[in-house]
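**Student:** Dropping a structure here in C-alpha cells format, bear with me for questions.
Numbering (our numbering), first residue to last: 34 to 294.
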C-alpha cells in the first residue's frame with residue numbers, strides 16, 4: 034500500500050468550518066418537525082478539530098453559495114432513502130421513506146461544493162446522494178436486488194462490526210486510514226449500483242457492493258457506505274478518516290486565506 038497521508042491538522046489558525054446538511058425529524062405525536070444533526074457526527078467533527086455549521090433544507094442556491102464561501106468543507110450525513118426519480122427510476126415498493134426537499138437541497142449543496150473545490154466527506158446516504166448528484170444510480174433495496182448477498186447490510190447495531198471492506202491500496206481512502214481492509218458497521222438497505230463516471234469505486238464489501246468512492250483529481254471528495262462517526266471511539270480507521278478530512282479542510286482554509294477570498 035502507498036504511504037499513509039499525514040492525518041494531523043497543523044497550524045495555529047482557527048478551526049476550519051464544515052457545512053453539514055440537516056436531517057429532519059418528525060414528531061410522532063404531531064408536534065413541529067425539527068431539523069438538526071445527530072450528535073455522533075458533531076462529536077466526530079469536533080474531535081478532529083473541525084467546527085460544524087448546520088444548513089437547513091430549502092435554502093436557495095444564492096444562499097448556499099454565500100454560505101459555502103465561509104466554510105472549508107462539506108459533510109453529507111445519513112438519513113432517508115434518496116427519491117428514485119432523481120436517478121431516473123420509478124419508486125419500487127421496497128424503497129423506504131424519502132424526503133425530496135432534502136434531496137434537492139443536498140444535490141444543490143454537492144454541486145456548489147464541487148464547483149468551489151471544497152473537501153467533501155459523504156457518509157451512508159451521503160455516498161448515495163453524491164453518486165446520484167453526479168449521474169449514478171442506486172440499488173433501491175439490496176435484499177431484493179442482491180438476494181444472494183449473504184450479508185445483512187441493514188443491521189440495527191450502530192457500533193457492531195458486521196463485515197470488512199477491501200480498499201484499493203493506492204486509493205486516497207486507504208492512504209487516509211493506513212489500511213487496505215477495515216472492519217465496519219452496516220446500517221443501510223440501499224447502495225451504489227452504477228457508479229457515476231466521475232467517481233472511482235475504491236472499497237467493496239465481501240459481496241461486491243461498492244462501499245467507498247472518491248473523485249480522482251479532487252483534493253478530498255470521499256464517500257463511504259458505513260458510519261465512521263459511530264466508530265471513532267472504537268476504531269482507529271474511523272478517527273483517521275475524520276483526521277484526513279480535517280487536514281484537507283485546513284489546506285482549503287490556508288489556500289483561501291492566502292488568496293484573500
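Where is the CB? At the ideal position from N, CA and C, for every residue including glycine.
(1) Am I right that residue 247 and residue 74 are in contact with their C-beta atoms under 8 Å? What's the rounded C-beta distance?
(2) Less than 6 Å between C-beta atoms, sequence neighbours within five positions excluded: which residues of the same chain meet that for residue 49?
(3) How would you write the range of the alpha helix (DSSP H) that residue 84 sits in, first residue to last?
(4) Taking just the CA atoms, how far does residue 116 sit from residue 17?
(5) Is the beta carbon of residue 169 closer than 7 Å to that of residue 231?
(6) State the Cα-Cα distance for the pair residue 10 and residue 58, rounded to the nearest angstrom.
(7) At what residues does the beta strand (DSSP E) containing residue 196 begin and finish?
(8) Need the endpoints of the beta strand (DSSP E) that residue 54 sits in, please.
(9) How about residue 258 and residue 269: do their beta carbons lie closer than 7 Å?
(10) Should residue 173 go down as buried or exposed, given a rule of 16 or more other Cβ atoms within 10 Å for buried?
(11) With C-beta atoms as the reference, is residue 88 less than 7 Å away from residue 111?
(12) Around the Cβ of residue 343, are there at least 16 other Cβ atoms within 10 angstroms (buried) or fewer (exposed)?
(13) So if DSSP puts residue 69 in a beta bridge, which residue, or which two residues, is it bridged to?
(14) Looking at the secondary structure, which residues open and close the beta strand (DSSP E) in which residue 133 lies?
**Tutor:** In brief:
(1) Their Cβ separation, rounded to whole angstroms, is 20 Å, which puts residue 247 and residue 74 out of contact at 8 Å.
(2) Non-local beta-carbon contacts of residue 49 in its own chain, meaning distances under 6 Å to residues more than five positions away in sequence, involve 83, 105, 282, 283 and 286 in chain order.
(3) Premise fails: residue 84 lies in the beta strand (DSSP E), 84-88, not in any alpha helix (DSSP H).
(4) Nothing can be reported for residue 17: it is not among the residues displayed for the chain, which extend from 34 to 294.
(5) In this structure, residue 231 sits away from residue 169, with a CB-CB distance that is not shorter than 7 Å.
(6) The displayed coordinates of the chain run from 34 to 294. Any statement about residue 10 would go beyond what the structure contains.
(7) Counting along the chain, the beta strand (DSSP E) containing residue 196 begins and ends at 196-200.
(8) 50-54 is the span of the beta strand (DSSP E), which, as asked, contains residue 54.
(9) Result no, Cβ atoms of residue 258 and residue 269 do not sit closer than 7 Å.
(10) Answer is buried; the Cβ neighbour count reaches 16.
(11) Inclusion of residue 88 and residue 111 in the CB contact set at 7 Å is not warranted, their separation being larger than that value.
(12) Any answer about residue 343 is impossible in this case: the structure gives the chain only from 34 up to 294.
(13) Beta-bridge partners assigned by DSSP to residue 69: 56.
(14) Residue 133: not part of any beta strand (DSSP E); member of the alpha helix (DSSP H) spanning 133-148, first to last residue.
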